[in-house]
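Novice: Note that our numbering numbers the sequence shown so that position 551 is 533, with each residue one more than the last. Note that CB positions come from ideal geometry on N, CA and C, so glycine has one too. No experiment lies behind these values; they were computed from the predicted model shown.
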Amino acid sequence: MNKKHTLCSIFTLIFACCLTFSQTAQEPKPLIEILKTLEVRYAISFSYADETISNIKAATPLQTLSLTEALAFLTQQTHLEFRLLSSNFVAITGVQNSDQTGFKLQELQEVIVSNYLTKGILRNNDGSITLKPKNFDILPGLIEPDVLQTVQALPGIVSVDETISNINIRGGTHDQNLLLWDGIKMYQSGHFFGLISAFSPYLTTHVDVSKNGTSARYGDGVSGIIDMQNSNEINNMFTSGLGLNLLNVDGFVKVPLKKNIELQLSARRSVTDLLTTPTYNQYFKRIFQDTDLTNNQDNTNNTLSKDERFYFYDTSVKLLFDVTTKDKLRLNFLLINNNIDYQEESTINNVEAASNSYLNQNNIAGGFQYIRTWNSKLTSHLHLYGTKYDLHAINYDVFNDQRLIQENKVIEYALKFDTGYELTSNLKLTSGYQLFETGISNLEDVNNPEFRSFIKKVLRTHAGFSELKFLSSNSNTHIKAGVRTNYIEKFKKIWIEPRLSFSQRFLTHFRIELLGEFKSQTTSQIIDLQNDFLGIEKRRWILSNNENIPVIESKQGSLGIHYTQNKWLVSAEGYYKKVEGITSRSQGFQNQYQFVNDIGNFTVTGLDILINKRFQHFSTWLSYSFSDNYYNFSFLNNNESFPNNVNIKHALNFGLTHTIDQLKLAAGVHWHSGKPYTTPNPNEPVKDNNVQYNAPNSSSLANYFRADISATYTFHLGNSTKAQAGLSIWNITNKKNILNTYYVVENDNAIRVDNVSLGFTPNASLRLNF
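(1) Here's the rule: buried if 16 or more other CB atoms are within 10 angstroms of the residue's CB, otherwise exposed. What is Gly225?
(2) The alpha helix (DSSP H) spanning Thr132 covers which residue range?
(3) Just the Cα atoms here: how many angstroms apart are Ala732 and Val668?
(4) So, using beta-carbon positions, are Arg493 and His444 closer together than 8 Å?
(5) Expressed to the nearest angstrom, what Euclidean distance is found between the alpha-carbon atoms of Phe617 and Phe624?
(6) Between which two residues does the alpha helix (DSSP H) containing Leu56 stretch?
(7) For the alpha helix (DSSP H) that Lys308 lies in, which residues bound it at each end?
(8) Determine, using beta carbons only, whether Gly517 and Asp272 come nearer to each other than 8 Å.
(9) Are the region 694 to 708 and the region 108 to 127 in contact at 8 Å, needing three or more beta carbon pairs?
(10) Measuring straight from C-alpha to C-alpha, what distance separates Phe303 and Ile346?
(11) So Gln388 packs on Glu426, CB below 8 Å; how close in whole Å?
(12) Please report the residue range of the alpha helix (DSSP H) in which Val586 lies.
(13) What distance in whole Å lies between the Cβ atoms of Leu313 and Phe350, which are believed to be in contact at a cut-off of 8 Å?
(14) How many whole angstroms separate the CB atoms of Gln512 and Gln572, which I take to be in contact at a CB cut-off of 8 Å?
(15) If you draw a straight line from the C-alpha of Ser607 to the C-alpha of Ala554, how long is it?
(16) Just the Cα atoms here: how many angstroms apart are Lys116 and Ser435?
(17) When the Cα of Ile591 is compared with those of Lys631, Asn672 and Gly138, which residue comes out closest?
(18) When you compare the CB positions of Glu215 and Glu33, do they come within less than 8 Å of one another, or not?
(19) Skipping 5 residues on each side, what residues in its chain have a beta carbon closer than 6 Å to that of Gln574?
(20) Do Tyr686 and Asn719 have their CB atoms nearer than 8 Å?
(21) Would you kindly check if the distance between the Cβ of Asp108 and the Cβ of Lys462 is under 8 Å?
(22) What do you reckon, are the CB atoms on Tyr770 and Gly446 nearer than 8 Å?
(23) Can you tell me the Cα-Cα spacing of Ser48 and Gly700, whole angstroms?
(24) Could you pull out every unbroken alpha helix (DSSP H) segment of at least 4 residues lying fully inside the region 324 to 365, listed in chain order?
(25) Quick one: which unbroken alpha helix (DSSP H) runs of 4-plus residues sit fully inside the region 378 to 412? Chain order, please.
(26) Sort Asp510, Leu496, Lys549 and Glu529 by Cα distance to Gln538 and report the nearest one.
(27) For Lys472 and Gly570, what's the separation of their Cα atoms in angstroms?
(28) May I ask you to list the residues that DSSP assigns as paired with Arg522?
(29) Using the DSSP secondary-structure output, state which residues sit across from Ile208 in a beta bridge.
(30) Our contact map puts Arg487 next to Gly195 with C-beta atoms below 8 Å; I'd like the distance itself, whole angstroms only.
(31) Excluding five sequence neighbours on each side, which residues of the same chain lie with their C-beta closer than 7 Å to the C-beta of Trp550?
(32) Roughly how many angstroms separate the alpha carbons of Val440 and Gly368, rounded to a whole number?
(33) Going by the beta-carbon positions, is the gap between Ala768 and Gly542 smaller than 8 Å?
(34) Specify the secondary structure class of Thr18 as computed by DSSP and reduced to three states.
(35) For Leu360, count the other beta carbons within 10 Å of its own beta carbon; 16 or more makes it buried, fewer makes it exposed. Which is it?
(36) Could you please give the first and the last residue of the uninterrupted alpha helix (DSSP H) stretch that includes Thr259?
So, in structure tokens, the structure goes:
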């Protein structure tokens, strides 16, 4: 080595030592906080796995450093690798060894937008969206990270009735979404019968949302995937939290039992049966309107009074056990419950009568996972689970001396096994086998007149899949191509489902994206009568029989282009989707087709646009979705197409968040065109005690408009307790939006019935994290 190189090396070493000394004199901060600072300072985005940076602290690089120097400093501080993938993307990985899956395996899933809409929402290079609840900034109208409310802020996703139990992804019905909790299929998603997510966000590390181009490992979900995953890595830190708002109390805890064993617990219970709040009053009016709980069907002078008791709760448990550095075991359990009972007291012909009706809805699930890292290239994953959904109601009609028992039960067991193999540093192969056994039963029992019906069906499905993922060394090209094969024993039939996700970066800041998929599913929800299950949860699960209830199949393709630079994101995606094998009973018709059975399809042509700009303390976004969604049934409407019941042609969302030190503020507006409905024939509205209708869905409700605000403030109580107070107002203008309209016959007249949205709804919260 010559003198010049020697002097340069000595100078560099002395400079690095001095720099390190001057910076480590600072108080170390959590790495996640430093990354947020650097994202603002250098206009970059970091991509990393949560477990990679958890519990790591460092000093903040000086502002005088260049980006390269700052990354070099952090590398020395943390012993992590900071790799600059492009001018504005940095991947963070740990040190690779023989007991861990390699960095290049992780890199095949690159984050291309780290703060999509707001902090904690990421857009991936395969077209999916990842939500990280613990990193959420704030969203309008929400003071706590409700996952299933948050997904409705994404373009192309809306709920036509404001509930999280009726999420419509690109024009599909809610039962066409695959909802997973730690890999377990869930048949119930909401508390308060659809107004609140039933899943605790405080142990959920990330949620993957896919509208198209989904992985071949997923079955079901012909419209979309919402995959919620709890923390799966042991961090050997005790953390806990407690929270209270105007609807419920909750708590969670993560306890390291040993260095290689961790226990995670969460629980939540409503206070609605103990305390009446303004939030509860608004929720009660919204969800129980036009149900047996609020309707008085007696047209005589008899009197009726009702006294209700409503509550909900959920609890989850997860045990993490790292048997060796290569072998991991995971056990989990979840219980969700909604319950309402009410007592009716009436005076009929001067005779007092009383009865007690109730509705109980719950989902119990448990799972076992074994994860094996054979070497730096090969991993395997075994997953066994069972899930049970039960909806049970007893309804007494005191005026007609009638008792109705209804029950809908789903029991599913599954085995999943897959392997991942790194063929090259840029290419990964994933293959697997899955077995599902799903049984669904429906019971209806009436005492006056005597009637009993019990139907039970069971299907067993075998599925195999294989998928290749490619990511170029410069991260400009990403390809995910796979195929899934489903074989249903009872039908002796095979469904072959190709999947594709392709994206290519060009001109530095542009990315083009092509997605496509074939899918199928055997479960769906139907409505027999609108007042089933007290009119509160009137949808019941059923299984396909490959005859009058076909296997639902979908085909979808989309083409999108995305532009990112200087914290600007402009995204446009056009798509076409066709879903076949739907039944008219699954669509919730409340017109001339309410009691008609037919098989058909719907096609959707749409466009999703998003404009997102982030400043130093601001994030603002504007999203627009166009959707043209039409039915075509074999016999309905003379085989002519007509608008889908959930056809929202135009939807517009605007949001703004602002952070001032520990204060976070958010405001937003939601607007969309009204959903279709069917009006009576004005010349002859009623005939033979039946409403005579115009062409189906030929009218539209008034446009929907809602403005929301929210605020949170974080402060410290002592050295180890962080507190957060929050306040939100949903529908601050108290706009009375009509969500649904139908007609009934009274005294030979067609009477219009409107279901109205939530009005002005405040909520307040207080959280303590230890």
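Specialist: To lay it out plainly:
(1) The residue given as residue 225 occupies position 243 in the sequence shown. Result: buried.
(2) Indexing the sequence shown from 1 puts residue 132 at position 150. It spans Val129 to Thr132 - the alpha helix (DSSP H) in which Thr132 sits, taken as one unbroken run.
(3) In the sequence shown, residue 732 corresponds to position 750, counting from 1. In the sequence shown, residue 668 corresponds to position 686, counting from 1. Distance between the alpha carbons of Ala732 and Val668: 6 Å.
(4) Residue numbering aside, residue 493 sits at position 511 when the sequence shown is read from its first letter. Residue numbering aside, residue 444 sits at position 462 when the sequence shown is read from its first letter. No, the pair does not count as a contact, with Cβ atoms beyond the cut-off.
(5) Along the sequence shown, read from residue 1 onward, the residue named residue 617 stands at position 635. Along the sequence shown, read from residue 1 onward, the residue named residue 624 stands at position 642. One C-alpha to the other measures close to 12 Å.
(6) As a working note, residue 56 is residue 74 in the sequence shown. Run containing Leu56: Leu49 to Thr60, per the alpha helix (DSSP H) assignment.
(7) Translated into the one-based positions of the sequence shown, residue 308 becomes position 326. First-last for Lys308: undefined, no H or E at that position.
(8) On the sequence shown, position 535 is the one that residue 517 refers to. On the sequence shown, position 290 is the one that residue 272 refers to. Cβ atoms of Gly517 and Asp272: closer than 8 Å.
(9) yes
(10) As a first step, residue 303 must be located in the sequence shown, where it is residue number 321. As a first step, residue 346 must be located in the sequence shown, where it is residue number 364. Their backbone Cα atoms lie some 22 Å apart in a straight line.
(11) Sequence index remark: in the sequence shown, residue 388 carries index 406 (1-based). Sequence index remark: in the sequence shown, residue 426 carries index 444 (1-based). Between Glu426 and Gln388 the Cβ distance is about 6 Å, and since that is below 8 Å, they are a contact.
(12) Reading the sequence shown from its first residue, position 604 is the one you call residue 586. First-last for Val586: Ile581 to Arg596, but that is the beta strand (DSSP E), not the alpha helix (DSSP H).
(13) Numbered from its first residue, the sequence shown carries residue 350 at position 368. Numbered from its first residue, the sequence shown carries residue 313 at position 331. Indeed, because the Cβ distance is near 6 Å, the residues count as touching under 8 Å.
(14) As a position in the sequence shown, residue 512 is number 530, starting the count at 1. As a position in the sequence shown, residue 572 is number 590, starting the count at 1. Right, the Cβ-Cβ distance comes to about 7 Å (below 8 Å), so this counts as a contact.
(15) Position 625 of the sequence shown holds residue 607. Position 572 of the sequence shown holds residue 554. So the alpha carbons of these two residues sit roughly 10 Å apart.
(16) Working through the sequence shown from its first residue, we reach residue 116 at position 134. Working through the sequence shown from its first residue, we reach residue 435 at position 453. Taking the straight line from one Cα to the other gives about 47 Å.
(17) Along the sequence shown, read from residue 1 onward, the residue named residue 591 stands at position 609. Taking only the C-alpha atoms, the option nearest Ile591 is Gly138.
(18) As a working mapping, residue 215 is identified with position 233 in the sequence shown. As a working mapping, residue 33 is identified with position 51 in the sequence shown. Closer than 8 Å, so yes.
(19) Here residue 574 refers to the residue found at position 592 of the sequence shown. Result list for Gln574: Tyr675, in chain order.
(20) To locate residue 686, count along the sequence shown from 1; it is residue 704. To locate residue 719, count along the sequence shown from 1; it is residue 737. Yes, the Cβ-Cβ distance between Tyr686 and Asn719 is below 8 Å.
(21) Taking the first residue of the sequence shown as 1, we reach residue 462 at position 480. Taking the first residue of the sequence shown as 1, we reach residue 108 at position 126. Closer than 8 Å, so yes.
(22) Outside the displayed range of the chain (-17 to 752) lies residue 770, so it cannot be described from this structure.
(23) Working through the sequence shown from its first residue, we reach residue 48 at position 66. Working through the sequence shown from its first residue, we reach residue 700 at position 718. Going from the Cα of Ser48 to the Cα of Gly700 covers about 37 Å.
(24) DSSP runs (the alpha helix (DSSP H)) wholly in the region 324 to 365: none.
(25) The qualifying runs do not exist here; there are none.
(26) Position 556 of the sequence shown holds residue 538. Of the candidates Asp510, Leu496, Lys549 and Glu529, the one whose C-alpha sits nearest the C-alpha of Gln538 is Leu496.
(27) Mapped onto the sequence shown, residue 472 falls at position 490. Mapped onto the sequence shown, residue 570 falls at position 588. Take the alpha-carbon of Lys472 and the one of Gly570: they are about 28 Å apart.
(28) Taking the sequence shown and counting its residues from 1, the one referred to as residue 522 is at position 540. Per DSSP, Ile508.
(29) On the sequence shown, position 226 is the one that residue 208 refers to. The partner list for Ile208 (beta bridge, DSSP) reads Leu161 and Val191.
(30) Within the sequence shown, residue 487 is the residue found at index 505, counting from 1. Within the sequence shown, residue 195 is the residue found at index 213, counting from 1. Incorrect: roughly 17 Å between the Cβ atoms, too far for contact.
(31) Locating residue 550 in the sequence shown gives position 568, counting from the first residue. Only Lys595 meet the Cβ criterion.
(32) Residue numbering aside, residue 440 sits at position 458 when the sequence shown is read from its first letter. Residue numbering aside, residue 368 sits at position 386 when the sequence shown is read from its first letter. About 15 Å.
(33) With the chain running from -17 to 752 in the structure shown, residue 768 is simply not present.
(34) Along the sequence shown, one-based indexing puts residue 18 at 36. First, the amino acid is wrong: residue 18 is Lys here, not Thr. Three-state DSSP puts Lys18 in a helix.
(35) Position 378 of the sequence shown holds residue 360. Leu360 should be labelled exposed.
(36) As a working mapping, residue 259 is identified with position 277 in the sequence shown. Premise fails: Thr259 is in no alpha helix (DSSP H) and is neither H nor E.
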